[in-house]
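Enquirer: Below you will find the structure I want to go over with you.
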Amino acid sequence: MLKINELKASVEEASILKGLNLTINPGEVHAIMGPNGSGKSTLASVLAGREEYEIEGGTVDFDGVDLLDMDATERARAGLFLAFQYPVEIPGVSNINFMRAAVNGKREHEGLEPIKGKAFLDMVKEKAKLVELDGRLRNRSVNEGFSGGEKKRNEIFQMAMLEPKLAILDETDSGLDIDALRIVSEGVNAMRSPERSFLVITHYQRLLDYIVPDVVHVLVDGRIVRSGGKELALELEEKGYDWIKEDIVA
Amino acid sequence: MAYDGKDKVLEELTGKSYEFGFTTEIESDKAPAGLSEDVIRMISAKKEEPEWLLQWRLEAFAVWQTMEEPNWPHLNYQKPDYQAISYYAAPKQIKQLNSMDDVDPELRRTMDKLGISLEEQKRLSGVAVDFVMDSVSVATSFKGKLAELGIIFCSMSDAVKEHPDLVRKHLGAVVPTRDNFFSALNSAVFTDGSFCYIPKGVRCPMELSTYFRINESGTGQFERTLVVADEGSYVSYLEGCTAPQRDENQLHAAVVELVALDEAEIKYSTVQNWYPGDENGKGGVYNFVTKRGICHRRSKISWTQVETGSAVTWKYPSCILKGDHSVGEFYSVAVTNNAQQADTGTKMIHLGKNTHSTIISKGISAGNSHNSYRGLVQIMPSAENARNFSQCDSLLMTDTSGAHTFPYVEVKNPTAQVEHEATTSKIGEDQIFYCLQRGIDAEQAISLIVNGYAKEVLNQLPMEFAVEAQKLLSISLEGSVG
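Chains A and B are the protein sequences, given in the same order. Numbers 1 to 250, taken from the working numbering, label the letters of the first sequence in order. Numbers 1001 to 1482, taken from the working numbering, label the letters of the second sequence in order.
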């Protein structure tokens, strides 16, 4: 599904990713953990196609195509979804209209006609159930006046609507209370399938109690320095990152 | 900073010529260039006007000659040579028409191109259209149906002939001839426009709509519109404009007067899309408009405008809240792109007790354009418990465009409550990226964001107009983010 080879990227001349390698097979859930500033969110932004990031080397293969060759819209339409750490507010644009534009963009890419009104509303209803996103939030302006938890639920709702091949969750657990965390995680788990992969970026092991990963990676200073099973996350929780850093130095 | 997609769109669209830039070949009956008493006499004679109106024009001309074109707006343009303009042009065919079949096929085609064929308007939307081409109304529909209710909706020329008392009573009562340079000029030379009268207690059952179109090279248009809503009546009036592409500046100095008598309500909506000039500002319409309404007791006037066209815009639709408990509203979206300049806003003059006014202004500046909001809220000593709320937002699409706000507030009564909010923001890269990441292309992303930003104003427009206005905003800003 995703094969990242020796990826190097910088922002404003500061080198952030320094030769990152990562392979995610279809149906797998990978978690990336790491200290602040290690490049976790940069990785998410680079994969999603944010222009401020300069690609300095490496390749990214996404389901058989060169990801780095596509612009952000094309990547999204090809099935890459990013759940934002800080979802953006768009005043005056209703969530529903926003999603309709997004769904139709994807359909256009697939050579389909724009979705009919009734079919779209049925789909909205069905997907909203996953994360308990009520009608009020569906009709409000995109993320405007949403609480932290509502914003994150809205991200997962959007993910469900767009049915991506690869979903990147960028610190989706930040700012969530325990109930919201449960709702969001259940939404994600309901979407797990043999064809869909996830890349879960998080600081805390807590999220991984709910979304159980197949592989856990540790990102330090722009490189993946250690990979393991879900027990690696527990070890990190207990010991922090310093022992890994010391390991690398040694 | 810029996205590749956007750059591509920008290239494609800046090369795109003005969509409505076609002209109609109809011979016209045109006055020689220049303005003098003789020209005014000729206009008046051509229009078979009564003596009082000729005298009124001549007085206005005398006043105009003593006035100077205003320099205070935040605008930079070559002042027109008023002696180089022809002040009268009428399509040759001006005889009375009984049905659409009698209309010149060339005119019909023009209307079709504008997407406002009368049949379609009649059939689909039930809108009565008074189509103005070069100063003389050529077709008016729905007259019969309106007449049953006693509503008068006709050209100003017809009104002068058929309803002289009403016209004489109200013409110039809200915007006096000496009000300003452009209103004086308009009073001297106006050739046509619309007149609307809603009788006591009548609720006009349809949106009244007038399409203006400048069509004769080198002729200015001097429209005169008068809407009188008698006690307890209601009317919603729509004004929409497109102009053909021209390589010389075209002057438009219209005057619109609204009179809302006791407990009446007038909703006046404008979508303005005149030729803005090329990307360097060459050509394009100069739009110097005086719009004002007077509110009597418990009446309400609501101005809504979506301004996307013209090279230079100078326009301040205003309300004089004379009667107690009267309400004035102003909702505006002004878009400027390339080298366009707009200095627009409103004046709310509170005279009566418990008068309320609301101002919502949304400026959008793209390209190298400059967009200014200029507003005056004046609470006079007699206006006990007056209230005003003003919100002026500016959205910048580029680093090279400018947004300016000139809010004037004068409060002469201590019981007044005046609130003013203003924001300026640059269109968010984060917002655009969020849309892109959801698979929405750059152009559509900008359209969504801008329409969302202007929603409060667009919501004020009647349905069919709102859809048109949304499209217009998108077209005006295509590929404009940098």
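For glycine and all other residues, C-beta sits at the position ideal for the given N, C-alpha and C. Since the model is a prediction, treat every value here as computed from it, not as a measurement.
Got a sec: which bits of the segment 62 to 80 of chain A sit with their beta carbon under 7 Å from any beta carbon on chain B, in order along the chain?
Expert: Of all residues in the segment 62 to 80 of chain A, Asp-71, Ala-72, Thr-73, Ala-76 and Arg-77 have a Cβ within less than 7 Å of some Cβ in chain B.
Enquirer: Would you mind giving the Cβ-Cβ distance between Lys-1315 (chain B) and Gly-1352 (chain B), rounded to the nearest angstrom? I have them listed as a contact below 8 Å.
Expert: Incorrect: roughly 25 Å between the Cβ atoms, too far for contact.
Enquirer: Does the beta carbon of Gly-1439 (chain B) sit closer than 7 Å to a beta carbon anywhere in chain A?
Expert: True, the Cβ-Cβ gap to chain A drops below 7 Å.
Enquirer: If you draw a straight line from the alpha carbon of Lys-1465 (chain B) to that of Pro-213 (chain A), how long is it in whole angstroms?
Expert: Here residue 1465 (chain B) turns out to be Phe, not Lys, going by the sequence shown. The alpha-carbon atoms of Phe-1465 (chain B) and Pro-213 (chain A) are separated by roughly 53 Å.
Enquirer: Would you identify the three-state DSSP class for His-1163 (chain B), choosing helix, strand or coil?
Expert: It is coil, neither helix nor strand.
Enquirer: How would you write the range of the beta strand (DSSP E) that Gln-1417 (chain B) sits in, first residue to last?
Expert: Element bounds for Gln-1417 (chain B): 1417 to 1426.
Enquirer: Please compile the residues from chain B whose C-beta is within a distance smaller than 9 Å of the C-beta of Gly-105 (chain A).
Expert: What Gly-105 (chain A) touches in chain B: Arg-1438, Gly-1439, Ile-1440, Asp-1441 and Gln-1444.
Enquirer: How about Gly-1439 (chain B) and Ala-119 (chain A): are their beta carbons less than 7 Å apart?
Expert: No. Outside cutoff.
Enquirer: Whole angstroms is fine: what's the gap from Pro-1080 (chain B)'s alpha carbon to Gln-1055 (chain B)'s?
Expert: Approximately 26 Å, taken between the alpha carbons.
Enquirer: Might you give, ordered along the chain, the residues of its own chain that have their beta carbon closer than 6 Å to the beta carbon of His-1325 (chain B), omitting 5 neighbours on each side?
Expert: Cβ neighbours of His-1325 (chain B) beyond the five flanking positions: Arg-1298 and Asn-1354.
Enquirer: Using the Cα positions of Ile-90 (chain A) and Glu-171 (chain A), report the straight-line distance between them to the nearest angstrom.
Expert: Straight-line Cα distance between these residues: approximately 21 Å.
Enquirer: Rank B:Val-1228, B:Lys-1200 and B:Met-1463 by C-alpha distance to the C-alpha of Lys-1169 (chain B) and give the top, closest one.
Expert: With distances taken between Cα atoms, Lys-1169 (chain B) lies closest to B:Val-1228.
Enquirer: Between Gly-1201 (chain B) and chain A, is there a C-beta pair that is closer than 7 Å?
Expert: With 7 Å as the cut-off, Gly-1201 (chain B) does not count as an interface residue toward chain A.
Enquirer: If the cut-off is 7 Å on Cβ atoms, which residues from the segment 4 to 23 of chain A count as contacting chain B, listed in chain order?
Expert: Taking 7 Å as the Cβ-Cβ cut-off against chain B, none of the residues of the segment 4 to 23 of chain A qualify.
Enquirer: Would you kindly report the start and end of the unbroken beta strand (DSSP E) that includes Cys-1392 (chain B)?
Expert: Unbroken beta strand (DSSP E) run through Cys-1392 (chain B): 1387 to 1396.
Enquirer: Mind checking whether Lys-40 (chain A) and Thr-23 (chain A) have CB atoms under 7 Å apart?
Expert: No. Outside cutoff.
Enquirer: Count Cβ pairs between the segment 55 to 69 of chain A and the segment 2 to 20 of chain A that sit closer than 8 Å; are there 3 or more?
Expert: Yes: at least three Cβ pairs fall under 8 Å.
Enquirer: By alpha-carbon positions, which one of A:Phe-98, A:Val-216 and A:Lys-245 ends up nearest to Leu-199 (chain A)?
Expert: Comparing Cα-Cα distances from Leu-199 (chain A) to each of A:Phe-98, A:Val-216 and A:Lys-245, the minimum goes to A:Val-216.
Enquirer: Using a Cβ-Cβ distance under 7 Å, would Leu-1448 (chain B) count as near chain A?
Expert: It does: the Cβ of Leu-1448 (chain B) has a partner Cβ on chain A nearer than 7 Å.
Enquirer: Could you tell me if Pro-1462 (chain B) is buried or exposed, where buried requires 16 or more neighbouring beta carbons within 10 angstroms of its beta carbon?
Expert: Pro-1462 (chain B) is buried by the Cβ-count criterion.
Enquirer: One question on the structure: do Leu-1238 (chain B) and Phe-1153 (chain B) come within less than 7 Å of each other, judged by their Cβ atoms?
Expert: Cβ distance not < 7 Å, so Leu-1238 (chain B) and Phe-1153 (chain B) don't count as in contact.
Enquirer: Out of A:Ala-180, A:Arg-196 and A:Asp-242, state which residue places its alpha-carbon closest to the alpha-carbon of Val-218 (chain A).
Expert: Answer by Cα proximity: A:Asp-242.
Enquirer: Can you tell me where the beta strand (DSSP E) with Gln-1272 (chain B) in it begins and where it stops?
Expert: It spans 1265 to 1273 - the beta strand (DSSP E) in which Gln-1272 (chain B) sits, taken as one unbroken run.
Enquirer: Thinking Trp-1303 (chain B) and Thr-1336 (chain B) are a contact (beta carbons under 8 Å), I'd like their distance in whole angstroms, please.
Expert: Wrong, their Cβ atoms sit about 19 Å apart, outside the cutoff.
Enquirer: Assuming Ser-1365 (chain B) and Ser-1394 (chain B) form a contact by the criterion Cβ under 8 Å, report the distance between their Cβ atoms to the nearest whole angstrom.
Expert: Indeed, because the Cβ distance is near 7 Å, the residues count as touching under 8 Å.
Enquirer: Which residues in the same chain as Glu-1069 (chain B) place their Cβ atom closer than 6 Å to its Cβ, once the five residues preceding and following it in sequence are excluded?
Expert: Same-chain partners within the cutoff: Lys-1079 and Phe-1181.
Enquirer: Quick one: residues in its chain with C-beta nearer than 7 Å to the C-beta of Ser-1369 (chain B), no 5 flanking neighbours on either side, listed in chain order?
Expert: Cβ within range, chain order: Thr-1336, Asn-1337, Asn-1338, Ala-1339, Gln-1340, Gln-1341 and Ser-1401.
Enquirer: Scan the segment 1350 to 1382 of chain B for residues whose Cβ lies nearer than 8 Å to a Cβ of chain A and list them as they occur along the chain.
Expert: Per Cβ criterion, the list is empty.
Enquirer: Tell me, which residues are paired with Ile-1294 (chain B) by DSSP?
Expert: Note: Ile-1294 (chain B) sits in a beta bridge opposite B:Val-1259 and B:Ile-1320.
Enquirer: Cβ of Lys-127 (chain A) within 7 Å of Cβ of Met-161 (chain A)?
Expert: Yes; because the gap between Cβ atoms is below 7 Å, this pair is in contact.
Enquirer: Report back the beta-carbon spacing between Tyr-1373 (chain B) and Thr-1344 (chain B) to the nearest angstrom; my notes put them in contact at under 8 Å.
Expert: Right, their Cβ atoms sit about 7 Å apart.
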